[in-house]
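Protein chains in written order, with the working numbering: chain A, 1 to 304; chain B, 1001 to 1304.
Protein chains: 2
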Amino acid sequence: MEKFEVHILGCGSALPTTRHNASSQVVRIGNKQFMIDCGEGTQLQLRKSHLHFSFINHIFISHLHGDHCFGLIGMISTFGLLGRNAPLHIYAHPMLQKIIQPQMDFFCKELPYHIEFHNIDPTQHKTIYEDKSITVETLPQKHRIPCCGFLFKEKPKKRHIIGEMMEYYNIPTYLRQGIKDGDDFTTTDGQIIPNDRLTRNADPSRSYAYCSDTLPCPENKIYLNEINLLYHEATFAESEKGRAAETYHSTALQAAEIALEAKVHKLIIGHFSSRYTDDNILLDEAKELFPNTELAYEGATFSI
Amino acid sequence: MEKFEVHILGCGSALPTTRHNASSQVVRIGNKQFMIDCGEGTQLQLRKSHLHFSFINHIFISHLHGDHCFGLIGMISTFGLLGRNAPLHIYAHPMLQKIIQPQMDFFCKELPYHIEFHNIDPTQHKTIYEDKSITVETLPQKHRIPCCGFLFKEKPKKRHIIGEMMEYYNIPTYLRQGIKDGDDFTTTDGQIIPNDRLTRNADPSRSYAYCSDTLPCPENKIYLNEINLLYHEATFAESEKGRAAETYHSTALQAAEIALEAKVHKLIIGHFSSRYTDDNILLDEAKELFPNTELAYEGATFSI
């Protein structure tokens, strides 16, 4: 199967610490790399990773708090210095372009590539990106300002052809695409060979969702149902539940509740408050309810 | 003597690498901390250092290229989150305020402290900061856009009182400030005790200059004459002298020439091009001409 990986570049919250960078991650599906959020220092984190700058063509910004977007202007500028010419697509609240365009006009004159801003409405659940193999949907979040998560889904895949059967029935190459799509095969003497004798099941379609920054949103459970991997913010421990509610963030236990109720296969928690010098307190609280939880950390790669 | 230290937070050039951050440093004189330049990631570097965020009240920006100022908005925002209330003074080309104010208006609403922008004219040599013990002067540089270096100088210091002599002549406390300033003392029977019997020489006044980004500027030698420490950019090795001239940067050897001709006591080179995986090539070239040269590196502290 193609790679489907989530690379964590930063999983801290508003205040930077020596342990955590501001929010950013890269979702790699095959050779495509999609960046989610771009806090200050993202380009440095990207440099430290084994990801190629030039493979990033799409950036999704969840919301316009600095710890999720202050790294954009530096990365845009660096892409230019590196001689990029492929267009860069940025999906964000319309205000982003208004804020970043004047900076680009001043700092990035003669950028050798085009930036295409795609306005998104964080309050709506909508497909905002689609290609032949995947879709990306927004998931409205509840934060102090408009904010959305992102759901990456592989489209249904084609069935696997069984090579021996192609030879046995001497099936011509031009029919094979149809057989991958589920066609039966009719031999020259009129015998119908059902598709399930010619093919094996398609690989499952995998899915990943990023939910940060937000209060728990049980109304998103229908979209998160049985997804492979969920990154959910867990800014606070349960002892700071009041603070979490006040600041429109979630506790680790609340993240676990969402994971449990949506029957996701695995949960990663992140966006840790700078007050925790050991994030295991958050991990322990989440695992109590949802054992298949892991901590995000800078440099981590989670494969599906 | 009071501390006089230069803390390197970043000494790379436009492209970030895994070894070098964008330009920033802190000049610490006693309890005062002055930041020079603030590239992306400066607040993270500051976190890793042992410097206190709250002691930084003055930031000097050499020029408006991104690798010297993209870290400002994040740091301004973080200072706010940390509850700062002391005013922050930023000395920069007037365009900086025009670019950063809209970002502050959007991202840093209700900042709990005031930011005072001080416009500087990088083309003029001028004293732009003065307090009771130090001055900061601009040093015009030659770069692709207006750019200036900064010269930090301690003012002449008071002489040291010799305690035993104060007792011997029974000199009243209220006269001691005058004696530190050089006054003689007249005893009750009219005898004049010359100041040099009552005091020891004052500590020398120390000085530090930051010159980056720039072509060599021999016309600044008069200001750099015999200063204690010079940080000079050395973006390129001598083999890239043509490239240095084209991009308005200096080679390591050119930095050494300035240091030698200005008779500075010690040279630090920095602002290294990302092409060098071992900066010692630059150090060797500079030391050939000016042996008392050291490489800047992230986390380094140079004491005067």
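Glycine is no exception: its CB is placed at the ideal position from the N, C-alpha and C atoms.
If B:GLY1012 and B:THR1042 are in contact, beta carbons under 8 Å, what's the gap, nearest whole angstrom?
Actually they do not touch by this definition, with Cβ atoms about 12 Å apart.
Who are the neighbours of B:LYS1296 on chain A, taking C-beta pairs under 7 Å?
It should be noted that the sequence gives Ala, not Lys, for residue 1296 of chain B. Going along chain A, no residue has its Cβ under 7 Å from B:ALA1296, so there is no contact; the nearest lies around 18 Å.
Neighbourhood of B:ASP1183 by C-beta distance below 8 Å, restricted to the same chain and skipping five residues each side
Here the set comprises LEU1175, ASN1195.
Close-in-space but distant-in-sequence residues of the same chain around B:PHE977 (CB under 6 Å, 5 per side omitted)
Summary: the structure shown does not reach residue 977 of chain B, with chain B confined to residues 1001 through 1304, and so no result is reported for it.
Assign A:LEU51 to one of three DSSP states: helix, strand, or coil.
coil
Looking at the structure shown, is B:LYS1221 part of a helix, part of a strand, or coil, going by DSSP?
In the displayed model, B:LYS1221 falls within a helix according to three-state DSSP.
Sufficient close CB pairs (3 or more, under 8 Å) joining the region 1084-1094 of chain B to the region 1108-1115 of chain B
At 8 Å Cβ cutoff, the stretches touch.
Identify whether A:LEU290 lies in helix, strand or coil by the three-state DSSP scheme.
According to the sequence shown, residue 290 of chain A is Phe rather than Leu. In the structure shown, A:PHE290 sits in coil (DSSP, three-state: anything other than H, G, I, E or B).
Name the DSSP bridge partner or partners of B:SER1393?
Residue 1393 of chain B lies beyond the residue range present for chain B, which begins at 1001 and ends at 1304; the question has no answer from this structure.
Taking the beta strand (DSSP E) that B:GLN1231 belongs to, which residues open and close that run?
Looking at the sequence itself, residue 1231 of chain B is Tyr, so the reference to Gln does not match. Element bounds for B:TYR1231: 1229-1233.
Leaving out five residues before and five after B:MET1001 in sequence, what residues of the same chain have Cβ atoms less than 6 Å from its Cβ?
ASP1203
Using a Cβ-Cβ distance under 7 Å, would B:GLU1246 count as near chain A?
no
Against chain A, does B:PHE1055 count as a neighbour if the rule is that its beta carbon must be under 7 Å from one of theirs?
no
Cβ of A:GLN43 less than 7 Å from any chain B Cβ?
yes
Say whether chain B places a C-beta atom closer than 7 Å to the C-beta of A:PRO16.
Answer yes: the Cβ-Cβ gap between A:PRO16 and chain B drops below 7 Å somewhere.
Does the distance from the CB of B:ASN1225 to the CB of B:LYS1266 come in under 7 Å?
no
Environment of B:ASN1021 [buried if 16+ CB atoms lie within 10 Å]
buried
Length-filtered (3 minimum) beta strand (DSSP E) runs lying within the region 252-282 of chain A:
266-270
Which residues in chain A have a C-beta closer than 7 Å to the C-beta of B:SER1077? List them in chain order.
GLY66
Our contact map puts B:THR1251 next to B:PHE1272 with C-beta atoms below 8 Å; I'd like the distance itself, whole angstroms only.
Actually they are not in contact, since the Cβ atoms of B:THR1251 and B:PHE1272 sit about 11 Å apart, beyond 8 Å.
Taking 6 Å as the limit between beta carbons, can you name the residues of its chain near A:ASN119, skipping five residues before and five after?
So the list reads PRO94, once near-sequence residues are dropped.
Under 7 Å between C-beta atoms, does B:GLY1074 make it to chain A?
Output row for B:GLY1074: interface = yes.
Residues of chain A with CB closer than 8 Å to the CB of B:GLY1071, please, in chain order.
GLU40
Along chain B, which residues have their Cβ under 8 Å away from the Cβ of A:LEU81?
Close partners of A:LEU81 in chain B (Cβ separation under 8 Å): ALA1014, LEU1015.
Kindly list, in the order they appear in chain B, the residues whose Cβ is closer than 7 Å to that of A:LYS345.
Residue numbering for chain A in the displayed model covers 1 to 304; residue 345 of chain A lies beyond these limits and cannot be assessed.
Cross-chain neighbours of B:PRO1102 in chain A, by beta carbon under 8 Å
Listed along chain A, the residues sitting closer than 8 Å to B:PRO1102 by beta-carbon distance are ILE99, PRO102.
Nearest candidate by alpha-carbon position, reference A:PHE152, set A:TYR169, A:LYS126, A:ARG159, A:ALA259
A:LYS126
What residue range is occupied by the uninterrupted alpha helix (DSSP H) comprising A:ASP196?
195-198
Below 8 Å on the Cβ atoms is my guess for B:ARG1159 versus B:LYS1180; work out the distance and round it to an integer in Å.
5 Å
Given this structure, state the Cα-to-Cα distance separating B:PHE1053 from B:GLN1177, to the nearest angstrom.
A direct Cα-to-Cα measurement between B:PHE1053 and B:GLN1177 gives close to 34 Å.
Exposed unless 16 or more other CB atoms sit within 10 angstroms - verdict on B:GLU1154:
buried
Compute the distance between the beta-carbons of B:PHE1004 and B:ARG1206, then report whether it is under 7 Å.
It is a contact, given that the beta carbons lie within the stated cut-off.
Under the three-state DSSP convention, the category B:PHE1070 falls into
coil
Determine the direct distance from the alpha carbon of B:TYR1129 to that of B:THR1123, and round the result to whole angstroms.
16 Å
Chain-ordered residues of the region 103-118 of chain A with a beta carbon less than 7 Å from chain B
Residues passing the 7 Å Cβ filter: GLN103, PHE106, PHE107.
Could you check how far apart the C-beta atoms of A:LYS48 and B:THR1173 are, in whole angstroms? I think they sit under 8 Å.
Actually they are not in contact, since the Cβ atoms of A:LYS48 and B:THR1173 sit about 60 Å apart, beyond 8 Å.
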